[in-house]
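K.L.:
Here the sequence shown stands for residues -6 to 118, numbered as in this note's numbering.
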Amino acid sequence: MFKNGDFDVEGKYRSRRSKIYEDAELEELSEEDSSQTQKELALILEVIRIAIRIKAKRREHRLYNNGMLLARHKKRFLYRIVTGDEKRIHYDNSKKKENHGDYLATRRHLQQNRIFMEKKLMLCI
């Protein structure tokens, strides 16, 4: 329509899509009276009609979750596994014991242990 240069959208007759029926009974009923509603057809055919409505809040929640999943899918695979987040851990794991003797020997031992305990790196995956 727009490709031909006709930009007027009012007052045009538009053909509807042809109806496709999977059930012969339903097709016969609709041919008899096409103005019947879904509720009426469901009562005549003795089937359950369930209207599914999604609340606005739930719809927003679904859109947000789907957006997050799509963004996650677009990221590179290895980037998701190895993030490169690193945390430096400084701790002193020495136990202070009662010293009844050589104070300097105990201090030397603690200082030697600190060399191996400081600046440990943990990679979060």
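Cβ coordinates follow ideal geometry from the N, Cα and C atoms, glycine included.
Could you check what DSSP says for residue 28 in three-state terms: helix, strand or coil?
P.N.:
Within the sequence shown, the letter at position 35 stands for residue 28. Three-state DSSP puts residue 28 in coil, outside helix and strand.
K.L.:
How many Å lie between residue 65 and residue 16 at the Cα?
P.N.:
Numbered from its first residue, the sequence shown carries residue 65 at position 72. Numbered from its first residue, the sequence shown carries residue 16 at position 23. Rounded to the nearest angstrom, the two C-alpha atoms are 42 Å apart.
K.L.:
Give the straight-line distance between the Cα atoms of residue 39 and residue 20, rounded to the nearest whole angstrom.
P.N.:
Residue mapping note: residue 39 aligns to position 46 of the sequence shown, counting from 1. Residue mapping note: residue 20 aligns to position 27 of the sequence shown, counting from 1. Rounded to the nearest angstrom, the two C-alpha atoms are 15 Å apart.
K.L.:
Take residue 43 as the anchor and find which of 50, 51, 61, 34 has the nearest alpha-carbon.
P.N.:
On the sequence shown, residue 43 is found 50 positions in, with the first residue counted as 1. Residue 34 is the option with its Cα nearest to residue 43.
K.L.:
Kindly indicate which three-state DSSP category residue 59 falls into: helix, strand or coil?
P.N.:
Residue numbering aside, residue 59 sits at position 66 when the sequence shown is read from its first letter. In this structure, residue 59 counts as helix in the three-state DSSP scheme.
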